[in-house]
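Visitor: Numbered according to the working numbering, the sequence shown spans residues 3 to 376.
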Amino acid sequence: MLTLEIIDSYDEFKGCRDKWEKLLSESRVSNVFLTYDWIDSYIKHFCKSDRLLILNVFEGGRLAAIAPLVIRKGRYFGMPVRAVRFIGTAISDRIDFIICGNKEGILGAILDYLMAIKGEWDFVDLQEIAEYTGTMAAMEICLDKKGFVNILGPARKSFFIELNGKRGAVFNRFHRKFNAKLRKLRNKQPGIEIDVERPAADADALSVIADIERHSWKRGRCGALFSEKNYMNFHKEIFEKFSKSNQLGISILNLNKTPAAYVYNYLYEGRSYNYSIAYDEAYSDVSPGTILMFCAIRDSASSDAVEFDFARGEGSWKIRLTDSFRTHNRVRIFKTGAYSRFLYILQSKIIPCMKAHAWIYRIWMKIKGALRWN
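1. So, using beta-carbon positions, are Y38 and E23 closer together than 9 Å?
2. For V72, list the residues DSSP reports as bridge partners.
3. Round the Cβ separation of C18 and F180 to the nearest angstrom and send it over; I've been treating them as touching at under 8 Å.
4. When we look at the beta-carbon of L154 and count the other beta-carbons within 10 Å, is it buried (16 or more) or exposed?
5. Under a Cβ-count criterion, where at least 16 other Cβ atoms within 10 Å of its own Cβ denotes burial, should T137 be classed as buried or exposed?
6. Name the two residues that bound the continuous alpha helix (DSSP H) containing A171.
7. Kindly indicate the opening and closing residues of the alpha helix (DSSP H) around E142.
8. Whose C-alpha, out of W319, W361, T324 and I299, is nearest the C-alpha of N174?
9. So who's on the other strand from F327, going by DSSP bridges?
10. Do Y266 and Y277 have their CB atoms nearer than 9 Å?
11. By Cβ distance, which residues of its chain are closer than 8 Å to A140, with the 5 residues on each side in sequence left out?
12. Give a yes or no on contact between the region 307-314 and the region 61-76, applying the rule of three or more CB pairs nearer than 8 Å.
13. Should I240 be labelled buried (16 or more other beta-carbon atoms within 10 Å of its own) or exposed?
14. Just reading off the alpha helix (DSSP H) that N166 is part of, what are its end residues?
15. Tell me the DSSP secondary structure of M81 in three-state form.
16. Output needed for E7: all residues of its chain with C-beta closer than 6 Å, excluding positions within five of it in sequence on either side, in chain order.
17. Going by beta carbon distance, what residues of the same chain come within less than 6 Å of H47, once the five residues before and after it are set aside?
18. Go ahead and label N331 buried or exposed: buried means 16 or more other beta carbons lie within 10 angstroms of its beta carbon, across all protein chains shown.
19. Would DSSP call I8 helix, strand or coil?
20. Under the rule that 16 or more other beta-carbon atoms within 10 Å means buried, what is W219, buried or exposed?
21. Taking 8 Å as the limit between beta carbons, can you name the residues of its chain near P290, skipping five residues before and five after?
22. Report the three-state DSSP secondary structure of Q249 (helix, strand or coil).
23. Please tell me whether A67 has its Cβ less than 9 Å away from any Cβ of chain C.
24. Please name the residue or residues paired with T260 in a DSSP beta bridge.
25. Between K148, W361, I41 and R96, which has its C-alpha nearest I112's C-alpha?
26. Check each candidate in A202, V31 and D95 and name the one with the smallest Cα separation from K246.
27. For the region 273-341, which segments carrying the alpha helix (DSSP H) assignment without a break, of at least 4 residues, lie completely within its bounds, in sequence order?
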C-alpha cells in the first residue's frame, strides 16, 4: 500500500537531507540537479512566493519515491496561472521524480493526489525528464489509463561524449583541435599571451566569469546566469557548497592576461556536466570559447570522468563535436474545467500555429521577454 507525506514548508524540507540523498543514490535518476544541495539552494533563492509541494511516497513504511514539486504563480499570455512544476525548472538541465519502486504505481498515486487538490492549480508542467530513466514511458501509461488530458513533448536532445573505452581517442582528437586553434591564433596575432587557468571555485572566480558573461552575447538576456541578483546569489551559494566537495570545474582562458572565456562545469558521479560557457565578444574573431571547450573536453578525457555531458540545448556547435545524445521530454497535464481546458487549447493548438509562422512567434517571444512572463 502506498501512502503520501506532504512537505510544504522549508523548515520541514531541511530535515530531509539524509533520506533524500540515500534515495537519490539508489535511483536511476541520480544527477547533480536533483541533489539535496542544489534543490535547497533553488528553494531559498527562487521559491519565496511559491508553495512547496514535495511528496514523499512510502510503500510499506519504506520511502519509495520523492516528487520534488512546487506550485508557482505566473502569467501565460498575460493570464494568471498556477502551474505545478519540478523544483529547479528553468535552471536545472534535467529533473525527474526520484523513484525506487514500481514507477507506474507510484506515478499513479502522485497523479491521483494532484487531482485531489486540483482546485489549487491550473495545469501541471513537467520538463527535462530524461527518456532513459523510464519515467516518461510509465507516465504515458498512467495518463492513458486515467484518461487525463495532456500534451506530450516537445522532446529535446541533450548531447554527450562517452569517455569510457574511448579515453585515448577522445584525448588525442581534442588535443589536436586545441593545438590547431592555438597555432591559428598565434599566426593571426604573433606574440599574444595565451593562458588557461583553472582557479579555485571561489568568489573571485565567480566574479571573473560573471564579468565575462556581461561582455558576451548573453548579457541582458532573460535567464543569463548572472543577470539578476537572485541568480547571482544562487550561484554564489552553489560555488560555496560544491567547491567543498570538489564538484566544480572552472576553466578561464586569458588572452594577454585578460579573461576572454570561461567554462563552468559540475563534476558528479564520474560525469562532467557543462553547465555554461561564454566568451567576451571583443575576442569573437579568435574563437576563445571554442579553444577553451576543446581544452575542457581534452582534460576530461585525461581524468577519471566517464562522460562529458553538454547538458540541454541543441546548439549546432555541439552537433559538430558529437553525434551522441539523449532525449529529454516534457508533459503537461490539464484538469477538467473551462479555464484549464482553455489553457490546453492555447498550448496544444494556438502556440503551435504561431510557431509555424516564424515572424509571428518571434514578435510574441520579444513581447513575452519584455513583460517577463514565464
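Glycine residues also receive a C-beta, built at the ideal position from the N, C-alpha and C atoms.
Guide: Taking the structure as given:
1. With a cutoff of 9 Å on beta-carbon distance, Y38 and E23 are scored as near each other.
2. Answer by DSSP bridge pairing, in chain order: L54 and R87.
3. Not confirmed; about 43 Å, so no contact.
4. Its Cβ having fewer than 16 others within 10 Å, L154 is exposed.
5. T137 comes out buried.
6. A171 -> alpha helix (DSSP H) spans R169 to K190.
7. It spans T137 to K148 - the alpha helix (DSSP H) in which E142 sits, taken as one unbroken run.
8. Ranking the options by Cα distance to N174, first place goes to I299.
9. In DSSP, F327 forms a bridge with F161.
10. Taking 9 Å as the Cβ cut-off, Y266 and Y277 qualify as a contacting pair.
11. The residues are K105, E106 and L109.
12. Short answer: they don't touch.
13. Flag for I240 reads buried.
14. Where N166 is concerned, there is no enclosing alpha helix (DSSP H), given that its DSSP letter is neither H nor E.
15. Residue state, collapsed to three classes: strand.
16. So the qualifying residues of the chain are N58.
17. Excluding sequence neighbours, H47 sits near N232, N235 and F236.
18. Classification for N331: buried.
19. Strand.
20. Per the 10 Å Cβ criterion, exposed.
21. The residues are L255, L257, A262, A263, Y281 and D282.
22. Q249 carries a coil assignment under DSSP once its states are collapsed to helix, strand and coil.
23. Structure shown: chain C not included; a single protein chain is present.
24. Residue pairing by DSSP puts T260 in a beta bridge opposite L257.
25. Measuring from the Cα of I112, the nearest candidate turns out to be K148.
26. Closest option to K246, judged by alpha-carbon separation, among A202, V31 and D95: A202.
27. Segments of the alpha helix (DSSP H) lying fully in the region 273-341: 290-303 and 318-323.
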